[in-house]
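Enquirer:
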Amino acid sequence: MTAVAGKAQNASFKRIDGIDCRPLVTVNGKIVDPLSFLALNREDIKTFKVLTPTEAIKKFGNGRSQFGAVEITLIKIAKTFTWPEVAKRFYLIPGSLPITAKLYYGYFGGLALTDPQSFIISVSKTESMGITMNDFDLDKPVVSICIKEIEVKDKTKGQSLARPFDKDIDAVKKIFDAESEKRVEIRDAKPRIEG
Amino acid sequence: MKKSCLFKLPCVLALLFFGPDVFAQNARLYMNKQEIAPQSVHFLEAATIDSINFYSGAEAHEKLNLQTQGVDSVFVIFKKDMSDVVSYSKLFSLYHFDDRAQLLPLTIGMSHNNNYIDKARSMIFNINHVTSVSVNIMYNTNTDYVSIWHTYDRPYNSLAGKMLTWLQGYIEGYGDNSYYRNFKTK
Numbered sequence: 000m001t002a003v004a005g006k007a008q009n010a011s012f013k014r015i016d017g018i019d020c021r022p023l024v025t026v027n028g029k030i031v032d033p034l035s036f037l038a039l040n041r042e043d044i045k046t047f048k049v050l051t052p053t054e055a056i057k058k059f060g061n062g063r064s065q066f067g068a069v070e071i072t073l074i075k076i077a078k079t080f081t082w083p084e085v086a087k088r089f090y091l092i093p094g095s096l097p098i099t100a101k102l103y104y105g106y107f108g109g110l111a112l113t114d115p116q117s118f119i120i121s122v123s124k125t126e127s128m129g130i131t132m133n134d135f136d137l138d139k140p141v142v143s144i145c146i147k148e149i150e151v152k153d154k155t156k157g158q159s160l161a162r163p164f165d166k167d168i169d170a171v172k173k174i175f176d177a178e179s180e181k182r183v184e185i186r187d188a189k190p191r192i193e194g
Numbered sequence: 000m001k002k003s004c005l006f007k008l009p010c011v012l013a014l015l016f017f018g019p020d021v022f023a024q025n026a027r028l029y030m031n032k033q034e035i036a037p038q039s040v041h042f043l044e045a046a047t048i049d050s051i052n053f054y055s056g057a058e059a060h061e062k063l064n065l066q067t068q069g070v071d072s073v074f075v076i077f078k079k080d081m082s083d084v085v086s087y088s089k090l091f092s093l094y095h096f097d098d099r100a101q102l103l104p105l106t107i108g109m110s111h112n113n114n115y116i117d118k119a120r121s122m123i124f125n126i127n128h129v130t131s132v133s134v135n136i137m138y139n140t141n142t143d144y145v146s147i148w149h150t151y152d153r154p155y156n157s158l159a160g161k162m163l164t165w166l167q168g169y170i171e172g173y174g175d176n177s178y179y180r181n182f183k184t185k
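First to last, the protein sequences are chains A and B.
The opening residue of the first sequence carries number 0 in numbering that gives the first Met the number 0; numbering runs sequentially from there.
The opening residue of the second sequence carries number 0 in numbering that gives the first Met the number 0; numbering runs sequentially from there.
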């Protein structure tokens, strides 16, 4: 068993509910929080490989691999932030933050990170970061981080640049979109008191 | 038509159309003896306020010994129990931001036009009325700014609640504030 697979076997994975079907995500051979997939700029990705659940379980063992896996390698010049780095970038004190964190993207509601400490994000995708004291969904303090959508452009022609793995990325993104939409539905069904 | 009426009519019309906005430029807000940024009204809890009084600048100077002038519209919030109120710097430390964040320009979330707040460091907050604090990167200029969000569950039915709501409209010029709308049309 490889070191990566061994770590995956031991990685803590708690399914909060039946909505979370995020695949296991590795970046440069290291297991990261699955939401890192959304937070990486496509321009920073060199290779992108999707493993089926069977292949993923064989390689990484049980746990999140039951939903498949995504193996990403980044280009050498890719600029990324780790969790403490992105917190510092936004003037937060990393050691004292609430343990729960949420990622907001596009027009969807936020998704809670499974393991913020292993989260990585492309520098170019960071938009804002802060603290919400009483999150409406989770009913506790959370760190919220927002990312922006970036279109990959062909710099010579000024047009959208098609990458060989675009279709794979879009297919995996749909898993996250579906979860996000479902969570928005649940949130909107909650009674809200307004003045 | 009498000559005096001819003179008065444009003055009344000018007051009706521009009055509140002109006054708002000189609106000054105090919490007891301390002057605070007017936008603090979005972050105060009506139920914990003893009273809100209005004075002309000269009146406030004479009666309360405040550093105000005749042209000012002075709103004084009287509040004995200050245990639920925090300063700008305290808010940042409660929200786990380092000291550098306090120096960034500030906007209030859902603010009418997202203008930066003048004298942000003199703002005060009822800690229960702040929902979130974040640092954002401005798209076009790539500069950092702070955004603070407040709750919307104000007790409209209490006298202080009505006054606070009215003050929000008075200071920000909100178009969707019924108390401010009533004031403008009276």
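Where a beta carbon is used, it is the ideal one built from N, C-alpha and C, also for glycine.
Residue 195/A: buried (16+ other C-beta within 10 angstroms of its C-beta) or exposed?
Expert: Any answer about residue 195/A is impossible in this case: the structure gives chain A only from 0 up to 194.
Enquirer: According to DSSP, residue 52/B sits in a beta bridge with which residue or residues?
Expert: 75/B
Enquirer: Which same chain residues, not among the five before or five after residue 131/B, have their C-beta less than 6 Å away from its C-beta?
Expert: 148
Enquirer: Between 118/A, 77/A, 33/A and 31/A, which has its C-alpha nearest residue 42/A's C-alpha?
Expert: 77/A
Enquirer: Among the residues of its own chain, which have a CB less than 6 Å from the CB of residue 90/B, if the five just before and after it don't count?
Expert: 124
Enquirer: From residue 56/A to residue 129/B, what distance separates their C-alpha atoms?
Expert: Rounded to whole angstroms, the separation of the alpha carbons of residue 129/B and residue 56/A is 45 Å.
Enquirer: Using the rule of at least 16 other Cβ atoms within 10 Å of the residue's Cβ for burial, across every protein chain shown, is residue 187/A buried or exposed?
Expert: exposed
Enquirer: Measure the Cβ-Cβ separation of residue 59/A and residue 23/A and say whether it is below 8 Å.
Expert: Yes, Cβ-Cβ distance for residue 59/A and residue 23/A is below 8 Å.
Enquirer: So, do the segment 26–33 of chain B and the segment 167–182 of chain A have three or more beta carbon pairs nearer to each other than 8 Å?
Expert: They do not touch, by the three-pair rule.
Enquirer: Output the residue ranges of the beta strand (DSSP E) runs that lie fully inside the segment 55–136 of chain B and measure 3 residues or longer, sorted by chain position.
Expert: If you keep only unbroken beta strand (DSSP E) runs of at least 3 residues inside the segment 55–136 of chain B, you get 72–77, 84–86, 105–107, 123–125 and 129–136.
Enquirer: Give the residues of chain A in contact with residue 96/B, contact being defined as C-beta atoms less than 9 Å apart.
Expert: 89, 90, 91, 92, 129 and 130
Enquirer: Closest by CA to residue 53/A, which one among 116/A, 63/A and 129/A?
Expert: Looking at the Cα atoms, 63/A is the closest of the given residues.
Enquirer: So for residue 36/B, helix, strand or coil by DSSP?
Expert: coil
Enquirer: Where does residue 147/A sit, in a helix, a strand or coil, going by DSSP?
Expert: coil
Enquirer: Note down, in chain order, all residues in the segment 57–78 of chain B with a beta-carbon under 8 Å from any beta-carbon belonging to chain D.
Expert: Among the chains of the structure shown, chain D does not appear; the protein chains present are A and B.
Enquirer: Straight-line CA distance for residue 78/B to residue 87/A?
Expert: 37 Å
Enquirer: Report yes if the C-beta distance between residue 135/B and residue 126/A is below 8 Å; otherwise report no.
Expert: yes
Enquirer: Under 6 Å Cβ to Cβ from residue 113/A, same chain only, skipping five residues before and after it: list those, please.
Expert: 32, listed in sequence order.
Enquirer: Residues in the same chain with beta-carbon distance under 7 Å from residue 200/A, minus the five sequence neighbours each way, listed in chain order, please.
Expert: Given a span of 0 to 194 for chain A in the structure shown, any question on residue 200/A remains unanswerable.
Enquirer: Comparing alpha-carbon positions, which option in 30/A, 89/A, 36/A and 79/A lies nearest residue 144/A?
Expert: 89/A
Enquirer: DSSP on residue 127/A, reduced to helix/strand/coil?
Expert: strand
Enquirer: Could you say which of 138/B, 84/B and 165/B lies nearest to residue 33/B if we only look at CA atoms?
Expert: 84/B
Enquirer: Mapping DSSP to helix, strand and coil, what is residue 55/A?
Expert: helix
Enquirer: Have a look at residue 51/B and residue 119/A and give me their C-alpha separation to the nearest angstrom.
Expert: 49 Å
Enquirer: If distances are taken between C-alpha atoms only, which option among 96/A, 105/A and 49/A comes closest to residue 166/A?
Expert: 49/A
Enquirer: Which one or two residues does DSSP pair with residue 85/A in a beta bridge?
Expert: Paired residues: none, contrary to the question.
Enquirer: What residues of chain B sit near residue 70/A, judged by a beta carbon separation below 8 Å?
Expert: Residues of chain B whose Cβ lies closer than 8 Å to the Cβ of residue 70/A do not exist, since the nearest Cβ in that chain is about 30 Å away.
Enquirer: Within this structure, are the beta carbons of residue 97/A and residue 140/A separated by less than 8 Å?
Expert: The answer is yes: Cβ separation under 8 Å.
Enquirer: Output needed for residue 40/A: all residues of its chain with C-beta closer than 7 Å, excluding positions within five of it in sequence on either side, in chain order.
Expert: Excluding its 5 nearest sequence neighbours in each direction, residue 40/A has C-beta neighbours in its own chain below 7 Å: 121, 123, 124 and 149, listed in chain order.
Enquirer: Considering only DSSP beta bridges, list what residue 179/A is partnered with.
Expert: The partner list for residue 179/A (beta bridge, DSSP) is empty, contrary to what the question assumes.
Enquirer: What residue range does the alpha helix (DSSP H) around residue 36/A cover?
Expert: Note, residue 36/A: alpha helix (DSSP H), 35–38.
Enquirer: Using a C-beta to C-beta distance shorter than 8 Å, which residues of chain B count as neighbours of residue 143/A?
Expert: Here the neighbours are 131 and 133.
Enquirer: Between residue 72/B and residue 57/B, what straight-line distance do the alpha-carbon atoms span, to the nearest angstrom?
Expert: 9 Å
Enquirer: Could you confirm whether any beta carbon from chain A is found closer than 8 Å to the beta carbon of residue 110/B?
Expert: Residue placement at residue 110/B cannot be trusted, given a pLDDT of 49 that sits under 50; what the coordinates show is reported in the next sentence. Not an interface residue.
Enquirer: Can you check DSSP and say which residues form a bridge with residue 111/A?
Expert: 101/A
Enquirer: Under 8 Å between beta-carbons, which chain A residues line up against residue 136/B? List them in chain order, please.
Expert: 125, 126 and 127
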